[in-house]
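Just below is one structure, and these are the notes that go with it.
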Amino acid sequence: MNICMITPEFKEGGIGNYVYQLSKKLVEKEIKVSIITRGDRKPTNKAVIENMNVYKVPILPLNPFHISIHEIFVNRLLKKIESEFDLLHLHSPILPNVSTNLPIYLTAHTTYMNDTYYNEHNNIHSILDRLQSIFLKSKEIKSLKNSNMISTVSSTILQEINNYGIKNKIIKVIGNGVDEKIYYPSINNTQNKYILYTGRLSERKGLYDLLDSMYYINRKHPKVKLYISGKGPLLSTLKQKVNKLNLDLVVKFLGYLPFKIMPLLYRNAYVHVVPSYYEGLPTVLLEAMASGVPVVATSIGGSRDVISNTVDGFLVPTKNPLELAEAIITLLFDSDLRDRMGKNARTKIINKYTWEKITDNIVSDYKNISKF
């Protein structure tokens, strides 16, 4: 079988990591994989990365028409190489509409309208982003309608697609994956522990609420630390808020860390926090759970699918720093509960969310819509 992935990103970012990990597993199963992804202004170029052909196709910063222009280059390339493939696998929400006679399998990681809705809209770039989402929604719906089968990473995304009026399509929840051999619990680790946030520093991630919850925690437990790993547009304003709340000694911004450091960062944490307002199914949630670290997450999106409240983590309401703080404190100071939840979290990952299981489900779908 020979698969062509079309994706807005590869290796980097949530969707990029998903495509990379899935593609590696497919190659292990002796399935050929090519990747078509965004490049820059330069002409289309091809590289071989880990036995995968990776094509970087031009994209020009001409919003809101950048996707339409990118689409021209993608279809031009696809016309030349389409005969090599048995199936196209598209990754939404932001993707070109392709002209093809091949079967199309589409993975919806989020829906574009909802993804942009939760971003801040107090500067010209974010306002333009919100406006262009209206234009790009029509392209997203067209891609969904042209697909032979659709998988989503969470039940919330499935419902959002249904709300688009997509009919007569097979739509299923498959989820996201994690490498349980890289992310695993610590053994006899005696290092100091901390609360951990990993991810993009953006509006929809609920980071202001996290800092407010840290203010409550600090008043009762001044030695507890919060480590924030990631980069994004809110960094400077988050630092200002930390200073305003007098949390400079307990909140540490780690920046964007190399991949090889992340497993150890998870492993040494007491609690991992996902305070988002909107998510598909965040990879960081699965990475923490695979590491045996209980997660406190807002009750949204894929977090609701994965976490069984009070069994392998806590679910709390969005925009409620006090409840967030109380759940974190409970785990910080109840070691038996923390250990039990951590073990349950790891077990759930092994049973449902390894890349091996996700890949097997997707390969089964490939066979159902192609000649194999």
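Here this note's numbering is used: the first residue of the sequence shown is 487, the next is one more, and so on. Don't be surprised by glycine CBs; every beta carbon is placed ideally from N, CA and C. Computed from a predicted model, the values in this text were never measured in an experiment.
CB-CB under 6 Å to Lys711, same chain, minus the five flanking residues each way: which ones, in chain order? What you label residue 711 is simply residue 225 of the sequence shown in a count that begins at 1. Closer than 6 Å at Cβ, skipping near neighbours: Tyr680 and Val736.
Under 9 Å between C-beta atoms of Trp841 and Val664: Within the sequence shown, the letter at position 355 stands for residue 841. Within the sequence shown, the letter at position 178 stands for residue 664. Yes, Cβ-Cβ distance for Trp841 and Val664 is below 9 Å.
N-terminal and C-terminal residue of the alpha helix (DSSP H) that Arg524 is part of: In the sequence shown, residue 524 corresponds to position 38, counting from 1. Note, Arg524: premise wrong, no alpha helix (DSSP H); beta strand (DSSP E) at Lys518 to Arg524.
Could you compute how far the alpha carbon of Asp825 sits from the alpha carbon of Thr833? On the sequence shown, position 339 is the one that residue 825 refers to. On the sequence shown, position 347 is the one that residue 833 refers to. In a straight line, the C-alpha of Asp825 is about 12 Å away from that of Thr833.
Ser688 versus Asn537: straight-line alpha-carbon distance, rounded: Against the sequence shown, residue 688 aligns to sequence position 202. Against the sequence shown, residue 537 aligns to sequence position 51. Ser688 and Asn537: Cα-Cα distance of roughly 34 Å.
Cβ of Leu771 within 9 Å of Cβ of Val792? If you number the sequence shown from 1, residue 771 lands on position 285. If you number the sequence shown from 1, residue 792 lands on position 306. Less than 9 Å separates the beta-carbon of Leu771 from that of Val792.
Can you check the region 790-840 for any alpha helix (DSSP H) of at least 4 residues that lies completely inside it and give the ranges in chain order? Listed in chain order, the complete alpha helix (DSSP H) runs (minimum 4 residues) inside the region 790-840 are 807-818 and 821-838.
By the three-class DSSP mapping on this structure, what secondary structure does Leu682 have? On the sequence shown, residue 682 is found 196 positions in, with the first residue counted as 1. Residue state, collapsed to three classes: strand.
Taking the C-alpha atoms as reference points, what is the distance between Leu750 and Asn503? Within the sequence shown, numbered from 1, the residue matching residue 750 stands at position 264. Within the sequence shown, numbered from 1, the residue matching residue 503 stands at position 17. Each residue's alpha carbon lies about 19 Å from the other.
Whether or not the region 718-733 and the region 747-762 are in contact is what I'm after, with contact meaning three or more pairs of Cβ atoms, one per stretch, closer than 8 Å; do they touch? Too few Cβ pairs lie closer than 8 Å, so no.
Report the option in Val659, Ser569, Ile567 and Pro719 whose CA atom is closest to the CA atom of Met635. Stepping through the sequence shown from its first residue, residue 635 is reached at position 149. It is Val659.
Every unbroken alpha helix (DSSP H) inside the region 527-597 [4 residues or more]: DSSP runs (the alpha helix (DSSP H)) wholly in the region 527-597: 552-567.
Return yes when the Cβ of Glu765 is within less than 9 Å of the Cβ of Thr493, no when it is not. Here residue 493 is taken as the residue at index 7 of the sequence shown, counted from 1. Here residue 765 is taken as the residue at index 279 of the sequence shown, counted from 1. In this structure, Thr493 lies away from Glu765, with their beta-carbon atoms at least 9 Å apart.
Using the Cα positions of Lys725 and Gly651, report the straight-line distance between them to the nearest angstrom. In the sequence shown, residue 725 corresponds to position 239, counting from 1. In the sequence shown, residue 651 corresponds to position 165, counting from 1. Their backbone Cα atoms lie some 42 Å apart in a straight line.
Using only alpha-carbon positions, find the residue among Arg562, Ser520 and Pro803 that is nearest to Leu696. By 1-based counting over the sequence shown, the position of residue 696 is 210. The residue with the shortest Cα to Cα distance from Leu696 is Pro803.
So Asn761 packs on Gly788, CB below 8 Å; how close in whole Å? Looking up residue 761 in the sequence shown gives position 275. Looking up residue 788 in the sequence shown gives position 302. Note on identity: in this sequence residue 761 is Pro, with Asn being the wrong assignment. With a beta-carbon spacing of about 14 Å, Pro761 and Gly788 fall beyond the 8 Å limit used to define contacts.
So what does Ile656 bridge to, in DSSP terms? Walking along the sequence shown from the start, residue 656 turns up at place 170. DSSP output for Ile656 lists Met635 as bridge partner(s).
Residue nearest to Leu581 in terms of C-alpha spacing, selected from Ile553, Leu564 and Ile558: The sequence position of residue 581 within the sequence shown is 95, counting from 1. When each option's Cα is compared against that of Leu581, the closest is Ile553.
Suppose contacts are defined by Cβ-Cβ distances below 9 Å. Is Ala776 in contact with Asp798 by that definition? Here the question's residue 776 lines up with position 290 in the sequence shown. Here the question's residue 798 lines up with position 312 in the sequence shown. If you check the CB distance, Ala776 and Asp798 do not come in under 9 Å.
Terminal residues of the continuous beta strand (DSSP E) containing Ile489? In the sequence shown, the residue the question calls residue 489 occupies position 3. Per DSSP, Ile489 belongs to the beta strand (DSSP E) from Asn488 to Ile492.
Which one of Met487, Ala594, Glu516 and Lys857 has the shortest CA to CA distance from Val505? Against the sequence shown, residue 505 aligns to sequence position 19. Ranking Met487, Ala594, Glu516 and Lys857 by Cα distance to Val505 puts Ala594 first.
Under 9 Å between the Cβ atoms of Ile489 and Leu512? Counting from 1 along the sequence shown, the entry for residue 489 is found at position 3. Counting from 1 along the sequence shown, the entry for residue 512 is found at position 26. Going by C-beta atoms, Ile489 is nearer than 9 Å to Leu512.
According to DSSP, residues forming a beta bridge with Ile714: Walking along the sequence shown from the start, residue 714 turns up at place 228. Note: Ile714 is bridge-paired with Tyr683 and Phe739 in the DSSP secondary-structure output.
Helix, strand or coil for Ala755 per DSSP? Counted from its first residue, the sequence shown places residue 755 at position 269. In this structure, Ala755 counts as coil in the three-state DSSP scheme.
Beta-carbon contacts of Lys655 that lie in its chain and below 6 Å, excluding the five residues immediately before and after: Start at 1 with the first residue of the sequence shown, and residue 655 comes out as number 169. Excluding residues up to 5 positions away in sequence, Ile636 lie with their Cβ nearer than 6 Å to the Cβ of Lys655 in the same chain.
Backbone secondary structure at Val484 - three-state DSSP: Residue 484 lies beyond the stretch modelled for the chain, which goes from 487 to 858, so this question has no answer here.
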